[in-house]
Amino acid sequence: MSQVLSPNSIKILELVKNEGKANIYSFIKAHFRNDSYRRVYTHIYQLEKRGYLEKYKHKDLEFIRISGKGNAIIETLKREKDGKWKLIIFDIPESRRSVRDYLRTKLKQLGFKKWQNSIWVTPYKLPHDVVEELKELSERYFVRLITVESINNDKDIKQLF
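Numbering of the sequence shown is given in my numbering, commencing with residue 19 and proceeding in unit increments.
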């Protein structure tokens, strides 16, 4: 779980991967019409800085393409349902806000949805490293991973996915 990416960063990586390469200006205008150009460009810059995207120039235009590292992170985010619900229940104190925020961001990235305050749920299989990091968090904070076959009256949960 060491790689935390925002939902917009993940979206950018997935779109660039699907397109192969993209002119930055055209890419932002086509996929992020309602967002600030500068904000999206900053996401692209950060992804390049972290090695997930490669930027290059061709005929005075800036282009981007996904790097090997970017491909690897997208592969780890592929979601596969395994017929079981995974629930994360946590109670991390305000004094550890950064840990709580990190956990929420990572849960969103992994496809979890907020079901109730401090209860997140997903039908997706969890990578082994995620389970291990959750075990580490559970030793220091009240973080619990619960796997169940079914949840009664689960219509509201199914609507999340």
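C-beta: ideal position from N, C-alpha, C; glycine also. What you are looking at is a predicted structure, and each value in this text was computed from that prediction instead of being measured.
- Judged by pairs of C-beta atoms under 8 Å, the segment 36-47 touches the segment 71-88, as three or more such pairs exist.
- Judged by DSSP secondary structure, residue 45 falls within the alpha helix (DSSP H) whose first and last residues are 42-49.
- Taking 3 residues as the shortest admissible run, the segment 105-135 contains the following complete beta strand (DSSP E) segments, listed from N- to C-terminal end: 131-134.
- The beta-bridge partner set that DSSP reports for residue 137 consists of 107, 134.
- A direct Cα-to-Cα measurement between residue 175 and residue 91 gives close to 27 Å.
- Of the residues assessed, residue 106 falls on the buried side of the cut-off, its CB having 16 or more other CB atoms within 10 angstroms.
- Listed as beta-bridge partners of residue 179 by DSSP are no residues whatsoever.
- Beta-bridge annotation (DSSP): residue 158 is not paired with any residue.
- Residue 34 counts as buried, since at least 16 other C-beta atoms from the protein chains shown sit within 10 angstroms of its C-beta.
- If you check the CB distance, residue 163 and residue 104 come in under 8 Å.
- Each of 132, 100, 111 was checked against the Cα of residue 167, and the nearest Cα belongs to 100.
- Sorting 172, 124, 60 by C-alpha distance to the C-alpha of residue 144 places 124 at the top.
- DSSP places residue 74 outside any alpha helix (DSSP H); the residue lies instead in the beta strand (DSSP E), whose first and last residues are 71-76.
- Annotation for residue 120: no residue places its beta carbon closer than 6 Å to its own, counting only its chain and skipping 5 residues before and after.
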